[in-house]
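**Q** In our numbering, each number is its position in the sequence shown, counted from 1, plus 938. Before I ask anything, let me first share the structure, which is written out below as structure tokens.
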Amino acid sequence: MLSYYATHPQSYYRTGIPNPDFPGIARFFRQLAVPAALPIHFTGAGGNIGAGKYNDGSPENRLALAERLADGMRRAWENTRRQPIAAGDVSWTIEPVALPPAKHLAIEKLEALLQRGEPAFAAQGDASKLAWLRRCRAGHKIDIVCLGLGRARILHLPGETFVEYQLAAKAARPDLFVAVAGYGDYAPWYVGTAIAYEQGGYETSPPASNVGPEVEGVLMAAIRKLLQNGK
């Protein structure tokens, strides 16, 4: 029992206590309601959207958000359209892409921080940034993946991808049921659109994104190619 929903999967945080937040609680509610099934939930391309006006950051509101999401999961399950699927209707297509690293990242500076052994190197994400640049220099690519199941397509995207990528994917194949799972390979961190890097904001700022505005052209092309494969 798969479900997909695009939003930042957070209500309140930084408490030092691990928890699945409201999407995990909603998934657990569905497990209780349908004990014979295993609910598996994916967060979609929710890099630049959140619970918005429905979330005021209060601990009490986490339950309310979980109940709303669980209700959406229930209604989606009850309105499922079933179709027979043969082995030939199942596909798993991979499109490796080289996402452009952000220009503000300097590998020499990050290497120097590593050599000095500063405690903040790992805590502030510099270790992840250095690993990303090393991967890029080594020619490592990120796999963009599409699962085909009959008339359905499920895309798996890297990082905290902006919702525009999900909307573009659905618009590219209106004849199919298209679902999107984000938060895959997290090396790029936030993945914005080209114009978003001009507009500013936290998500596309140097502390938050490890890729540059050219990422839109690369990722959109991969999405279109994957969705056009097959019927």
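Every residue gets a Cβ at the ideal spot worked out from N, C-alpha and C, and that includes glycine. As the structure is a prediction and not an experimental result, all values here were calculated from the model.
Which same chain residues, not among the five before or five after P977, have their C-beta less than 6 Å away from its C-beta?
**A** Residue 977 sits at position 39 when you count from the first residue of the sequence shown. These residues qualify, in order along the chain: M939, R965, R968, Q969.
**Q** DSSP beta-bridge partners for L1087?
**A** As a first step, residue 1087 is located in the sequence shown; it is residue number 149 there, counting from the start. DSSP lists V1028, A1090 as partners of L1087.
**Q** Assign S996 to buried or exposed, taking buried as 16 or more other Cβ atoms, counted over all protein chains shown, within 10 Å of its Cβ.
**A** Here residue 996 refers to the residue found at position 58 when the sequence shown is read from its first residue. So S996 ends up on the exposed side.
**Q** Does the region 1117 to 1124 come into contact with the region 1097 to 1107, if we say contact requires no fewer than three beta-carbon pairs (one atom in each stretch) closer than 8 Å?
**A** Result yes; three or more Cβ-Cβ pairs closer than 8 Å.
**Q** Would S1147 and A1040 be called neighbours here (beta carbons separated by less than 9 Å)?
**A** Counting from one through the sequence shown, the residue named residue 1147 turns up at place 209. Counting from one through the sequence shown, the residue named residue 1040 turns up at place 102. For S1147 and A1040, yes; Cβs fall inside 9 Å.
**Q** Please tell me whether S949 and A1014 are closer than 9 Å, where the distance is taken between their beta carbons.
**A** For the purposes of this step, residue 949 is taken as residue 11 along the sequence shown, with counting starting at 1. For the purposes of this step, residue 1014 is taken as residue 76 along the sequence shown, with counting starting at 1. Going by C-beta atoms, S949 is not nearer than 9 Å to A1014.
**Q** Taking the straight line between their C-alpha atoms, what separation do you get for W1070 and A1061?
**A** Here residue 1070 refers to the residue found at position 132 when the sequence shown is read from its first residue. Here residue 1061 refers to the residue found at position 123 when the sequence shown is read from its first residue. Looking at the two C-alpha atoms, the distance is approximately 16 Å.
**Q** What are the start and end residues of each continuous alpha helix (DSSP H) run of 4 or more residues lying completely inside the region 1096 to 1152, in chain order?
**A** Listed in chain order, they are 1101 to 1110, 1132 to 1137.
**Q** Quick check: the Cα distance between G985 and G1130, rounded to an integer number of angstroms?
**A** Taking the sequence shown and counting its residues from 1, the one referred to as residue 985 is at position 47. Taking the sequence shown and counting its residues from 1, the one referred to as residue 1130 is at position 192. Distance between the alpha carbons of G985 and G1130: 8 Å.
**Q** Alpha carbon to alpha carbon, how far is E1056 from G1026?
**A** Indexing the sequence shown from 1 puts residue 1056 at position 118. Indexing the sequence shown from 1 puts residue 1026 at position 88. Cα to Cα, E1056 sits roughly 54 Å from G1026.
**Q** How would you label W1127, buried or exposed, when you count the other beta carbons within 10 angstroms and need 16 or more for buried?
**A** To locate residue 1127, count along the sequence shown from 1; it is residue 189. Label assigned to W1127: buried.
**Q** If we count the other Cβ atoms within 10 Å of its Cβ and call it buried at 16 or more, is R1091 buried or exposed?
**A** For the purposes of this step, residue 1091 is taken as residue 153 along the sequence shown, with counting starting at 1. Per the 10 Å Cβ criterion, buried.
**Q** Return helix, strand or coil for S941, following the three-state DSSP convention.
**A** Locating residue 941 in the sequence shown gives position 3, where the first residue counts as 1. Three-state result, S941: strand.
**Q** What are the partner residues of F980, as DSSP defines its beta bridges?
**A** Working through the sequence shown from its first residue, we reach residue 980 at position 42. According to DSSP, F980 bridges with Y942.
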